[in-house]
Amino acid sequence: MKNINTINPERSPAGHQEPAIRRKNFLEVVTGYTDDVALTEADRCLQCKKPACITGCPVNINIKGFIHEITNQRYENAYRIVTEANLFPSICGRVCPQEKQCESKCVVGKKYAPVAIGTLERFVGDLAQKNNWTDKSEIKRNGKRAAIIGSGPSGLACASDLAKAGFEVVIFEALHLPGGVLMYGIPEFRLPKGIVSREIENLKNLGIKIETNKIIGKTHTIEDLMHKHGFDAVFIGTGAGYPQSPGIKGEFLNGVMSANEFLTRVNLMHGYDFPTHATPVGIGHDIAVIGCGNTAMDAARVALRLNTKNVYIVYRRTVNESPARKEEIKHAMEEGVQFIWLTAPVEILGTTDGWIKGMRCIKLQQGEPDSKGRLTVSPILGTEFTLDVDTVIYALGTMANPIIGKTTAHLKLDKNGYIPVDDETQMTSIPGVFAGGDISKSSWTFTTVIHAMGKGRRAAKGMIDFVSHKS
Amino acid sequence: MFKIIRKEIFSPVTYMWEIEVPDIASSSKPGQFVIVHHNEKSERVPLTIADFDAERGTITLVIQVVGKTSKEMMSYEAGDSILDVAGPLGEASHIDKIGTVLFVGGGLGVAPIYPQLRAFKEKGNHTISIVGFRSKEIVFWEERFRYFSDELIITTDDGSYGEKGLVTEPLKRLISHGVVNLVVAIGPLVMMRACAEVTRPFGIKTIVSLNPIMVDGTGMCGSCRVSVGNEVKFACIDGPDMDGHIVNFDELLVRQKRFDKYEKIALKRFESSQ
């Protein structure tokens, strides 16, 4: 019988590009598992009677089940098991913070490194893409129509469930390509765009129609969708992409931009390939990124790959408090991003003709915990210094996208523009209109890809229920 | 793909497209803009809608060659299709019956001011238009403006047509001599700033339409941020119309130079490949 003492104590490392090489390219950093390594790693799973890992997964993937199928080399079965709960294993296997979710609950982790659930999930997802294992479920049309606003993680997940339930589904996307943050935000070396596109193609095979370049609230209002275009239910998954600015002197100087602008120029518009792709990125050689979340890591690591000299992360707290995934911080450090902890920007300095020439910073010290348990920070007098940078990228979080809120009469919003929803159904204040993903976020919820997908799927259930009662 | 059904050349560097985009044509309002991404490798360019016709299912854009992208776009002819047109974006202009409205269009700004002129006229306002061009050869849409304007003044820099000089001259004259309730000025930043300075001492509300550098056009990148009074506004979702008396034009003029270096590289490379 397998037990904690009989398994391989070493977690099988996933293939990686070496830091010195990868910091000069946009190819994927983590190359994943081969069949052999996947089998070795799957064998470390204890197949617990009460698998705690599953409770750590926001969408409760049957982790025990799919890993069991890997050990039996029944990979397609493994894929079917994962996709009962998560439609996009290739994506979530790459971008989920597993160390805070499933893997944090893994029993093996009490003694050794936990089973690499995320890498195994990705292994299964990638095999499915390679072998074209698509959804074979018979779809029986129910004669209902659903409109999905936004093609990010929540919209895609919602659309998929609705299509399988028999809805005619149309996704409306404001940008010229579908995928939302998966396309414009997360860089190629962490989530190849080919992987995203293939998952989206699979959705089209379910009969889902995607209309790009449609700004709901402008091209059509939600009222138009329901009353003119005959949609029985609408899902809002427009996300929270409005960038928060640092609010310090000099933030309008040339050479200062939001991480959203920077990443969109690089990821969506392929600015790294300027001038063949016509959108320039417009950064210099010495870059300060303000903030230490995953977006800050993405921005810093992208900047590193764009012929720069120094890339700094300036963060007001320490590595212990930083919201980014530990793996991302590790990768960034290995690649040469320089972290300046316990430091806050005070002012961005400019030349007389409006270009940035440096950033004034001050050192901070930690004090007592605040009401949320986070250590407070306060400036240390006399520690101001100038960081020699020609570009500042701020990654300080984002707020609700405002277009839907501004253009939808009777839609209730909270004071920050987010859409309050029913906890069970995700329905908004307008009957038949649902919301999920970051736009429906309350202050206490998580804003990861997998949580967004979870909310999209919950909304799909709510919508299915809603239309069945309506008719 | 969206088909260009008509193209007119106004000057060696100015052209007009009428594009088939029924959804946008039927939802456009004066003051709004679209983002054009004409092929896979191109930039996303914000362009103010110069006309829209829900029945024909078309919108009209007037475009000036300023760099590689607009030059490449000029090679597209009637019958050709462009990859992406997204819109309408931005807040629509407030069109009310308020009395006398004076429109000032400079250069390319003549085109996007037209839908506002028409809408204000149709609301029953008295309309005066001042449209300025560099010279006679590049004057366009004179008949359209005459049709909806109770009074029309054309200026040219070189005096080859209409009044010689800048649009601010007749603007100053008209507001000193009569009651004007609102001024709408669209054109290059320096022109809009000059118009706002002319009207400021008279306390006449002056709306300008901003067209800064954008990427997504939906409020996510912040590239188009502009200081208006004490606030940070995004031209894409808060504008493009702004109160000309409190826009920080100096800041905007500097911000418009952010990518000059790259524009030059791209243009040079494009021209040498032609």
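Quick mapping for you: the protein sequence lines, in order, are chains A and B. Quick note: to get my numbering, add 236 to the position in the first sequence (first position is 1). Quick note: to get my numbering, add 773 to the position in the second sequence (first position is 1). All C-beta atoms in this analysis are idealised placements derived from N, C-alpha and C, irrespective of residue type, glycine included. In this text, all values refer to a predicted model and were calculated from it rather than measured experimentally.
By the beta-carbon neighbour count (other beta carbons within 10 angstroms, threshold 16), N530(A) is buried.
The DSSP assignment places complete beta strand (DSSP E) segments of no fewer than 3 residues inside the region 939 to 966 of chain B at 955 to 959, in order along the chain. Its Cα nearest to that of R358(A), the residue P428(A) stands out among A696(A), A382(A), P428(A). C-alpha of D279(A) to C-alpha of K464(A): approximately 56 angstroms in a straight line.
With a threshold of 16 other beta carbon atoms within 10 Å, K454(A) meets it and is buried. Assigned with DSSP and collapsed to three states, K1030(B) falls in coil, not helix or strand.
A distance of 8 angstroms or more separates the beta carbons of R330(A) and E571(A). The residues Q253, F425, R541, in chain order, have a CB closer than 8 angstroms to that of N261(A) in the same chain once the five nearest residues on each side in sequence are set aside. Contact check for G520(A) and E583(A): beta-carbon distance about 18 angstroms, past the 8 angstroms limit, so the pair fails to qualify.
Counting along the chain, no beta strand (DSSP E) covers A250(A), and no H or E run does either. Interface with chain A (8 angstroms Cβ-Cβ cutoff): M846(B) is excluded. Around the C-beta of H646(A), fewer than 16 other C-beta atoms lie within 10 Å, and the residue is accordingly described as exposed.
Here A469(A) is bridged, per DSSP, to A382(A). For P325(A), the enclosing alpha helix (DSSP H) starts and ends at 325 to 331. Two segments are said to touch when three or more pairs of C-beta atoms, one from each, lie closer than 8 angstroms; by this definition the region 434 to 443 of chain A does not touch the region 551 to 562 of chain A.
Take the alpha-carbon of K372(A) and the one of V432(A): they are about 20 angstroms apart. Put simply, the CB of T500(A) is near chain B, with a gap under 8 angstroms to one of its CB atoms. Judged by beta-carbon spacing, L623(A) lies within the 8 angstroms limit of Y548(A), meaning their Cβ atoms are closer than that value. Any Cβ of chain B closer than 8 angstroms to the Cβ of H304(A) would place that residue at the interface, and such an atom is absent. Fully enclosed alpha helix (DSSP H) runs of no fewer than 4 residues occupy 1008 to 1011, 1022 to 1028 of the region 980 to 1041 of chain B, in order along the chain.
Leaving aside the five residues that flank G268(A) on each side, the residues in its chain whose CB is nearer than 7 angstroms to its CB run, in chain order, A250, G251, T355, R358, F359, D362. Rounded to whole angstroms, the gap between the alpha carbons of Q365(A) and V988(B) is 32 angstroms. In the DSSP assignment, K937(B) forms a beta bridge with T929(B). Under DSSP, R779(B) shares a beta bridge with E791(B). Neighbourhood of M505(A) in chain B, by CB distance below 8 angstroms: E816, R817, V988, in chain order. For L499(A), the three-state secondary structure derived from DSSP is helix.
For I640(A), the three-state secondary structure derived from DSSP is helix. For G690(A), the enclosing alpha helix (DSSP H) covers residues 685 to 706.
DSSP, read as helix, strand or coil, puts L504(A) in helix.
Taken through DSSP and simplified to helix, strand or coil, S908(B) comes out as coil. K802(B) is bridged by DSSP to nothing; it lacks a bridge partner.
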